[in-house]
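See below for the structure under consideration.
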Amino acid sequence: MGLLAFLRRSLGLHSPPPQPSPVCCSPDGPHRLVAYLTEGSQGWILDFLWRDISASGVWGEKDSPELCVASDRDSLAAVMEGANAFVLVMFQGHLSQLLRDGIPTERVILFLSHVRIGLALPDLNQLHAVLALNAQEQSLLMIQGMDSRLLHRFRAGFDPNLFFSGPPLNQRAIDVLVVGRYVGSHNNNYHCRKRFSFLCDLLAILEDMGIRVALLGPGWDGCEYPLPSAVQQIDCSHPAYGAVYRSSRLVIWVAAQEGGPVSFLEGLASGCLMLSVPTGFAAEFQSGSNGIWHLPITANAQQWCEQIQSCLKTASQNELMVGGSLSPAREAFLEEASFDHLAQQLRQISSQPALDSRKESLDG
């Protein structure tokens, strides 16, 4: 009996559960790409993302990996054992536990939706690859010592068949559209990040000004802050979102920090004007260009209202914006964010040999 086990027994402490055996993959086994999505991920954005990427025709091409989904460590180990398999970890909070549970580090592709304060991560340079949503996340990871050769921009993601340019802006019935679900205040950090209270104050001022506003997403009937009665609430299935965007002139979001959001891609593709704080995808555009504007996080509700009025007025005087057409910069940005492009990118990453086979070239 070891000293640690003796002390535990003497103190009446329970022994820690035994660690699972390490998973052994083989470069000669069947080629697989496994999405790790726990039951808690079902019905959330990462689940939708994988569903749309895995539906791409790219995976039917010659030499493409077999696609699998695992919901816990045991099902993940079963499909990886003996296979030339890589696991796409869809939430960084799962990473450390999976590595402790014997999942080979060099077989992990981490989807890093956004850097989370206080969430400790292992050495990411030991992973097969890291997927970052935007340039800001890439820069933060490189500042922390991430090898740029293992780091990939992975904008997630939109379906061009559902989201495309709509009618001229002056023919759209909604002036301002807010996209996103409402979550109760039991999650205070989420409320601080999304700034729901600030948003409701802003909507009240817009209503007084006669600006037509709509909320797109579930949960707003349970909003705990005063919500103007004239604000239209739209709760529909995601495939119907495109028609709502194409009926809207300006899409706004006031959140303090966003990884994307997906609503930016969808609104961008639908020919909408965009206004947000300089975060996520929006930060990759200069404010005031391509129908995209930013406001600092310190801007108050009145400043937001003035900027909204200015955006709508400016757009009415710009022929390209009025027509709802996409600028070349928008089109180039969106091309990299389509699900087919992301699927092709992920296929290439998962076709590269695992880190142990690449170590010499990476170090050299």
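Letter 284 of the sequence shown, counting from 1, is numbered 292 in my numbering, and no numbers are missing.
Note that beta-carbon positions come from the ideal geometry of N, C-alpha and C, so glycine has one too.
Worksheet item: Which residue from Y190, G296 and H102 puts its Cα closest to that of L281?
Response: Translated into positions along the sequence shown, residue 281 becomes position 273. The shortest C-alpha separation from L281 is found at G296.
Report the residue from Q134, A248, P236 and A263 whose alpha carbon sits nearest the alpha carbon of N169. Locating residue 169 in the sequence shown gives position 161, counting from the first residue. Comparing Cα-Cα distances from N169 to each of Q134, A248, P236 and A263, the minimum goes to A248.
Is D243 near P269, with beta carbons less than 7 Å apart?
Within the sequence shown, numbered from 1, the residue matching residue 243 stands at position 235. Within the sequence shown, numbered from 1, the residue matching residue 269 stands at position 261. Cβ distance not < 7 Å, so D243 and P269 don't count as in contact.
**Report entry** Alpha carbon of F206 to alpha carbon of L75, nearest angstrom
**Finding:** By 1-based counting over the sequence shown, the position of residue 206 is 198. By 1-based counting over the sequence shown, the position of residue 75 is 67. Going from the Cα of F206 to the Cα of L75 covers about 42 Å.
- Message: Quick check: what's the CA-CA separation for D371 versus K202?
- Response: To locate residue 371, count along the sequence shown from 1; it is residue 363. To locate residue 202, count along the sequence shown from 1; it is residue 194. Residue placement at D371 is flagged as unreliable, the pLDDT there being 48, under the threshold of 50; the coordinate-derived value follows with that caveat. Approximately 42 Å between the Cα atoms of the pair.
Please classify R115 as buried or exposed, where buried requires at least 16 other C-beta atoms within 10 Å of its C-beta. To locate residue 115, count along the sequence shown from 1; it is residue 107. By the 10 Å Cβ count, R115 comes out buried.
Practice prompt. Would you kindly check if the distance between the Cβ of V31 and the Cβ of I7 is under 7 Å?
Written response: The requested residue 7 does not occur in the structure, where the chain is confined to residues 9 to 372.
Q) In angstroms, rounded to a whole number, what distance separates the CA positions of Q100 and R163? A) Position 92 of the sequence shown, counted from the first residue, corresponds to residue 100. Position 155 of the sequence shown, counted from the first residue, corresponds to residue 163. Distance between the alpha carbons of Q100 and R163 is about 16 Å.
Q) Span of the beta strand (DSSP E) holding Y233? A) The sequence position of residue 233 within the sequence shown is 225, counting from 1. Premise fails: Y233 is in no beta strand (DSSP E) and is neither H nor E.
Worksheet item: Should F341 be labelled buried (16 or more other beta-carbon atoms within 10 Å of its own) or exposed?
Response: For the purposes of this step, residue 341 is identified with residue 333 of the sequence shown, where counting begins at 1. Result: buried.
query: Rounded to the nearest angstrom, how far is the Cβ of L363 from that of H136, given a contact under 8 Å?
result: Residue mapping note: residue 363 aligns to position 355 of the sequence shown, counting from 1. Residue mapping note: residue 136 aligns to position 128 of the sequence shown, counting from 1. Between H136 and L363 the Cβ distance is about 6 Å, and since that is below 8 Å, they are a contact.
Could you compute how far the alpha carbon of V239 sits from the alpha carbon of L149? Sequence index remark: in the sequence shown, residue 239 carries index 231 (1-based). Sequence index remark: in the sequence shown, residue 149 carries index 141 (1-based). Roughly 40 Å between the two C-alpha positions.
_Using a 10 Å radius around the Cβ and a threshold of 16 neighbouring Cβ atoms, would you call Y198 buried or exposed?_
Here residue 198 refers to the residue found at position 190 when the sequence shown is read from its first residue. Flag for Y198 reads exposed.
Task: Three-state secondary structure assigned by DSSP to L135 - done: One-based indexing of the sequence shown puts residue 135 at position 127. Here L135 sits in coil by DSSP.
| query | Which residue spans inside the stretch 230-316 form an unbroken beta strand (DSSP E) run of at least 3? | reply | 240-242, 256-261, 281-284 and 300-302
task: Check whether the Cβ atoms of I182 and S278 lie closer than 7 Å to each other.
output: One-based indexing of the sequence shown puts residue 182 at position 174. One-based indexing of the sequence shown puts residue 278 at position 270. In this structure, S278 does not lie closer than 7 Å to I182 by Cβ.
- Query: Which one of L283, V191, G218 and E274 has the shortest CA to CA distance from A307?
  - Reply: Numbered from its first residue, the sequence shown carries residue 307 at position 299. The option with the nearest alpha carbon to A307 is L283.
Which stretch, first to last residue, makes up the beta strand (DSSP E) that contains N92?
Along the sequence shown, one-based indexing puts residue 92 at 84. Where N92 is concerned, the enclosing beta strand (DSSP E) stretches over N92 to V97.
Going by C-alpha distance, which of K70, T46, D60 and G48 is nearest A351? Stepping through the sequence shown from its first residue, residue 351 is reached at position 343. Closest option to A351, Cα to Cα, is D60.
- Message: Among L224, Q315 and G288, whose alpha-carbon lies nearest the alpha-carbon of L120?
- Response: For this step, residue 120 is matched to residue 112 along the sequence shown. When each option's Cα is compared against that of L120, the closest is G288.
| field | Host alpha helix (DSSP H) of F172 (start-end) | value | Residue numbering aside, residue 172 sits at position 164 when the sequence shown is read from its first letter. Taken as a continuous stretch (DSSP letters only), F172 belongs to no alpha helix (DSSP H), as it is neither H nor E.
Candidates R338, T322 and Q356: closest to N298 by CA position: To locate residue 298, count along the sequence shown from 1; it is residue 290. Selected option, being the one with the closest Cα: R338.
* Taking one C-beta from the stretch 88-106 and one from the stretch 31-40 each time, how about it: are there three or more such pairs within less than 8 Å? -> yes
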